[in-house]
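Trainee: The structure's right below; bear with me while I get my questions together.
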Amino acid sequence: MIVHLALNDVLEGALGLGLDIVGAAQRLVRAGLAPSPCSSRALTQRVVSADGGPVTSLLGRPVAVDGAFEPELLGPGDVVVVPGVFTPTLGAVDRALARPDVRRVLAALQAAHARGATVAASCSATFFLGAAGLLDGASATTTWWLIPAFKRRFPLVDLRADRMVVESGATLTAGAAFAHADLVLAVVSRVASPAVGHLAAQYLVLDARPAQGRYMVLDHLSTYDPALKRVEELVVANLGRQIGLDELARAAGMSPRTLARRVQGSVGLTPLRFVQRIRVAHAAHLLETTQASVEDVAERVGYADAAAFRRAFRRHVGAAPRGRRRGEAPE
Numbered sequence: 011m012i013v014h015l016a017l018n019d020v021l022e023g024a025l026g027l028g029l030d031i032v033g034a035a036q037r038l039v040r041a042g043l044a045p046s047p048c049s050s051r052a053l054t055q056r057v058v059s060a061d062g063g064p065v066t067s068l069l070g071r072p073v074a075v076d077g078a079f080e081p082e083l084l085g086p087g088d089v090v091v092v093p094g095v096f097t098p099t100l101g102a103v104d105r106a107l108a109r110p111d112v113r114r115v116l117a118a119l120q121a122a123h124a125r126g127a128t129v130a131a132s133c134s135a136t137f138f139l140g141a142a143g144l145l146d147g148a149s150a151t152t153t154w155w156l157i158p159a160f161k162r163r164f165p166l167v168d169l170r171a172d173r174m175v176v177e178s179g180a181t182l183t184a185g186a187a188f189a190h191a192d193l194v195l196a197v198v199s200r201v202a203s204p205a206v207g208h209l210a211a212q213y214l215v216l217d218a219r220p221a222q223g224r225y226m227v228l229d230h231l232s233t234y235d236p237a238l239k240r241v242e243e244l245v246v247a248n249l250g251r252q253i254g255l256d257e258l259a260r261a262a263g264m265s266p267r268t269l270a271r272r273v274q275g276s277v278g279l280t281p282l283r284f285v286q287r288i289r290v291a292h293a294a295h296l297l298e299t300t301q302a303s304v305e306d307v308a309e310r311v312g313y314a315d316a317a318a319f320r321r322a323f324r325r326h327v328g329a330a331p332r333g334r335r336r337g338e339a340p341e
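All residue numbers for the sequence shown refer to my numbering, where the first residue is 11 and numbers rise by one.
Below, the structure is given as structure tokens:
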């Protein structure tokens with residue numbers, strides 16, 4: 011069974027996406043279009059809340075549920091899926107974690123996990139799994155703009171910040187709000203079969219998105235740390251030339267070792283990968299807004315070798331450079 015756990019301020023779009031994806035998978039299996047070795051229970055779904063009562067969405071609308079979250083009814087083969095709640099600031103994340111309904115849910119998630127159920131969350135709800143201790147020693151991802159806060163709060167988690175979805179044992183985590191679609195597709199693939207998940211994605215026109223790096227707004231991340239902002243400004247002012255770690259450290263006003271720790275802690279990257287991310291972000295903008303060739307764009311952002319640029323672009327964006335050019339087929 012797939013249990014969608016809705017809390018107050020739930021993102022309606024994420025919750026609805028999850029329900030529709032599982033519903034589509036159910037219909038495909040019933041129609042015989044996608045073979046699945048799973049039992050009929052595996053794709054049964056319910057929407058629950060902490061106390062069984064309706065919750066209020068981000069938009070202020072009531073969301074009906076099927077009942078209360080009862081972890082004692084779950085076990086191996088069942089999955090609890092938690093969509094994000096609206097947390098526009100770091101303070102809002104702290105307030106969400108302190109809410110009585112969330113505190114009750116943390117204990118219930120621990121109980122479900124202890125009984126063998128898989129627990130999955132996206133966006134800000136990844137903090138709930140972290141606060142419940144379910145991610146300690148595991149790999150996980152989170153919404154890109156909360157990466158620094160997540161790393162500070164949960165140092166025992168192996169954060170894979172670039173990834174859209176991370177599966178680690180009996181936990182699954184996903185990035186920002188609509189990464190919930192990727193999360194639920196991964197859940198369907200796990201409880202039914204990869205073929206069912208793939209076919210559901212095809213019918214719903216959902217592309218595979220292994221990385222969320224292309225969606226990160228570097229200006230947003232660097233505003234949390236003036237040192238990173240100075241590094242970014244240095245790179246942007248010198249896109250056409252290579253910049254070494256010592257020069258980056260001088261711009262940041264700290265030693266290379268301290269800079270490496272600061273960048274890793276803030277954005278989950280080494281300093282040189284952070285520089286690469288900045289160059290790729292500017293390259294993506296050029297590809298989307300100009301007719302410059304891939305080779306010309308590569309040179310403008312500091313790559314003498316177009317092949318190396320393509321590799322870096324694919325690593326950070328999850329697609330080839332031509333895939334960012336409107337009107338052109340991907341490479």
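Note that the Cβ used here is the ideal one computed from N, Cα and C, for glycine as well. Because the structure is a prediction, the values reported are computed rather than measured.
Using C-beta distances below 6 angstroms, list every residue in its chain close to D19, excluding the 5 sequence neighbours before and after it, in chain order.
Mentor: The residue labelled residue 19 in the question sits at position 9 within the sequence shown. Hits under 6 angstroms: L68, V95 and F96.
Trainee: Measure the alpha-carbon distance for A329 versus D315 and round it to whole angstroms.
Mentor: The sequence position of residue 329 within the sequence shown is 319, counting from 1. The sequence position of residue 315 within the sequence shown is 305, counting from 1. Rounded to the nearest whole angstrom, the CA to CA distance from A329 to D315 is 18 angstroms.
Trainee: In three-state DSSP terms, what is S46?
Mentor: Position 36 of the sequence shown, counted from the first residue, corresponds to residue 46. S46 falls in the coil class under three-state DSSP.
Trainee: Using the C-alpha atoms, what's the distance from H208 back to R37?
Mentor: One-based indexing of the sequence shown puts residue 37 at position 27. One-based indexing of the sequence shown puts residue 208 at position 198. Cα to Cα, R37 sits roughly 14 angstroms from H208.
Trainee: Taking the alpha carbon of G10 as the reference point, which residue from V103, L119, V58 and T66 has its own alpha carbon closest?
Mentor: The shown model of the chain, from 11 to 341, leaves out residue 10, and the question about it has no answer.
Trainee: Would you check if there are 3 or more beta carbon pairs closer than 8 angstroms linking the segment 44-55 to the segment 197-204?
Mentor: yes
Trainee: Looking at the structure shown, is A339 part of a helix, part of a strand, or coil, going by DSSP?
Mentor: Stepping through the sequence shown from its first residue, residue 339 is reached at position 329. Any reading at A339 must be qualified, since the residue scores a pLDDT of 45, below 50, and its modelled position is unreliable; the value itself is stated next. It is coil, neither helix nor strand.
Trainee: Looking at V90 and A122, is the spacing between their C-beta atoms short of 7 angstroms?
Mentor: As a working mapping, residue 122 is identified with position 112 in the sequence shown. As a working mapping, residue 90 is identified with position 80 in the sequence shown. Contact flag set, yes.
Trainee: Could you tell me whether the segment 180-189 touches the segment 142-159, using the rule of 3 or more Cβ pairs below 8 angstroms?
Mentor: Per the Cβ contact rule, the segment 180-189 is in contact with the segment 142-159 (3 or more Cβ pairs under 8 angstroms).
Trainee: Taking the Cβ atom as the reference point for each residue, do D88 and A127 lie within a distance shorter than 7 angstroms?
Mentor: Within the sequence shown, numbered from 1, the residue matching residue 88 stands at position 78. Within the sequence shown, numbered from 1, the residue matching residue 127 stands at position 117. A contact, by the Cβ cut-off of 7 angstroms.
Trainee: Alpha carbon to alpha carbon, how far is A106 from V307?
Mentor: The residue you call residue 106 lines up with position 96 of the sequence shown. The residue you call residue 307 lines up with position 297 of the sequence shown. Between A106 and V307, the C-alpha separation is close to 43 angstroms.
Trainee: So, are the CB atoms of L27 and A191 less than 7 angstroms apart?
Mentor: Taking the first residue of the sequence shown as 1, we reach residue 27 at position 17. Taking the first residue of the sequence shown as 1, we reach residue 191 at position 181. Closer than 7 angstroms, so yes.
Trainee: Given this structure, state the Cα-to-Cα distance separating D146 from R271, to the nearest angstrom.
Mentor: Residue mapping note: residue 146 aligns to position 136 of the sequence shown, counting from 1. Residue mapping note: residue 271 aligns to position 261 of the sequence shown, counting from 1. Cα to Cα, the separation comes out at about 21 angstroms.
Trainee: Looking at the strands, I want to know which residues DSSP matches up with T2.
Mentor: Nothing about residue 2 can be read from this structure; the chain reaches only from 11 to 341.
Trainee: Taking the alpha carbon of V304 as the point to measure from, which residue in R324, G250, R332 and G62 has its own alpha carbon closest?
Mentor: Taking the first residue of the sequence shown as position 1, residue 304 is located at position 294. That would be R332, whose Cα lies nearest to the Cα of V304.
Trainee: What's the call for E242, buried or exposed, on a 16-neighbour Cβ count within 10 Å?
Mentor: Your numbering for residue 242 matches position 232 in the sequence shown. The residue is buried, with at least 16 neighbouring Cβ atoms inside 10 Å.
Trainee: Is it right to say S265 is buried, meaning 16 or more other beta carbons lie within 10 angstroms of its own, or is it exposed?
Mentor: One-based indexing of the sequence shown puts residue 265 at position 255. Around the beta-carbon of S265, fewer than 16 other beta-carbon atoms lie within 10 Å, marking it exposed.
Trainee: For V175 and A142, which I take to be in contact (beta-carbon distance under 8 angstroms), what is that distance rounded to the nearest angstrom?
Mentor: The residue you call residue 175 lines up with position 165 of the sequence shown. The residue you call residue 142 lines up with position 132 of the sequence shown. Rounded, the Cβ-Cβ distance is 19 angstroms, inconsistent with contact.
Trainee: So is Q301 buried or exposed if we call it buried at 16+ other beta carbons inside 10 Å?
Mentor: Residue numbering aside, residue 301 sits at position 291 when the sequence shown is read from its first letter. With fewer than 16 other Cβ atoms within 10 Å, it is exposed.
Trainee: Out of curiosity, what's the CA-to-CA distance linking E82 and R125?
Mentor: For the purposes of this step, residue 82 is identified with residue 72 of the sequence shown, where counting begins at 1. For the purposes of this step, residue 125 is identified with residue 115 of the sequence shown, where counting begins at 1. Answer to the nearest angstrom: the Cα atoms are 8 angstroms apart.
Trainee: Quick check on A291: buried or exposed, where buried means 16 or more other Cβ atoms within 10 Å of its Cβ?
Mentor: Counted from its first residue, the sequence shown places residue 291 at position 281. Buried, because 16 or more other Cβ atoms sit within 10 Å of the Cβ of A291.
Trainee: Q55 lies in the beta strand (DSSP E); which residues open and close that run?
Mentor: Indexing the sequence shown from 1 puts residue 55 at position 45. Start and end: Q55 to S59.
Trainee: My output table needs one value for P98: the three-state DSSP class, helix, strand or coil.
Mentor: Indexing the sequence shown from 1 puts residue 98 at position 88. Looking at P98 - three-state DSSP - the assignment turns out to be coil, as it is neither helix nor strand.
Trainee: From this set, L17, V103 and G278, which residue's C-alpha is nearest G140's C-alpha?
Mentor: Working through the sequence shown from its first residue, we reach residue 140 at position 130. Nearest C-alpha to G140: V103.
Trainee: State the beta-bridge partners of H14 as determined by DSSP.
Mentor: Walking along the sequence shown from the start, residue 14 turns up at place 4. H14 pairs with V57 and V91.
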